[in-house]
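Just so it is clear: in the sequence shown, position 39 is 386 by our numbering, and no numbers are missing.
Glycine included, C-beta positions come from ideal geometry on N, C-alpha and C.
It should be emphasised that the depicted structure is a prediction, and the values quoted were computed from it without experimental measurement.
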Amino acid sequence: MSTHVLGALADIAPGAVKKFAVGGRAIAVVRIGDDIYALGDTCSHADISLSEGEVLPATKELECWKHGSAFSLVTGVPSTLPAIKPVPVYDVSVVDNNIVLVIEESTGSTEGAAS
Ligand code: FES
348 MSTHVLGALA
358 DIAPGAVKKF
368 AVGGRAIAVV
378 RIGDDIYALG
388 DTCSHADISL
398 SEGEVLPATK
408 ELECWKHGSA
418 FSLVTGVPST
428 LPAIKPVPVY
438 DVSVVDNNIV
448 LVIEESTGST
458 EGAAS
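Here it is as structure tokens:
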């Protein structure tokens, strides 16, 4: 598990999305009101950056600009075709007005990696 401070909440306007590179991953961080969400930035349909798409606050989704699949900010699952596979969802929160992202490493032992 690794923890990353991505910057101040104020760096992302409500209703906006910003792309971050964290530990070799591209992550789209979305703000709706004072709530924050983090998804894998690459669309599951093709190699397109979701952070270049549109935030849909009413349904809590991020829409891919290329073909219009809308991914849930909560589950990463697309609600519309053509994408059918989910994108990863990351644990993100606001601590002392900073955006804090936690990445759970999914493979084997990470002994000594949390230094
Ligand atoms: S590339 Fe995202 S929906 Fe096709």
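{"Item": "From this set, Val436, Leu397 and Pro435, which residue's C-alpha is nearest Ala417's C-alpha?", "Value": "Leu397"}
{"Item": "Would you grab the beta carbon distance between Val429 and Gly387 for me? Rounded to a whole angstrom, and I think it's under 8 Å.", "Value": "Checking the displayed sequence, the identity of residue 429 turns out to be Pro instead of Val. The Cβ separation is near 17 Å, so there is no contact."}
{"Item": "Which of helix, strand or coil does DSSP assign to Ala461?", "Value": "With a pLDDT of 41 at Ala461, under the threshold of 50, the modelled position of this residue cannot be trusted; read the value that follows with caution. If DSSP states are grouped into helix, strand and coil, Ala461 belongs with coil."}
{"Item": "If I follow the unbroken beta strand (DSSP E) through Asp394, where does it start and stop?", "Value": "Note, Asp394: premise wrong, no beta strand (DSSP E); not H, not E."}
{"Item": "Since Arg372 contacts Ala360 with CB under 8 Å, what's their CB separation in whole angstroms?", "Value": "The Cβ separation is near 23 Å, so there is no contact."}
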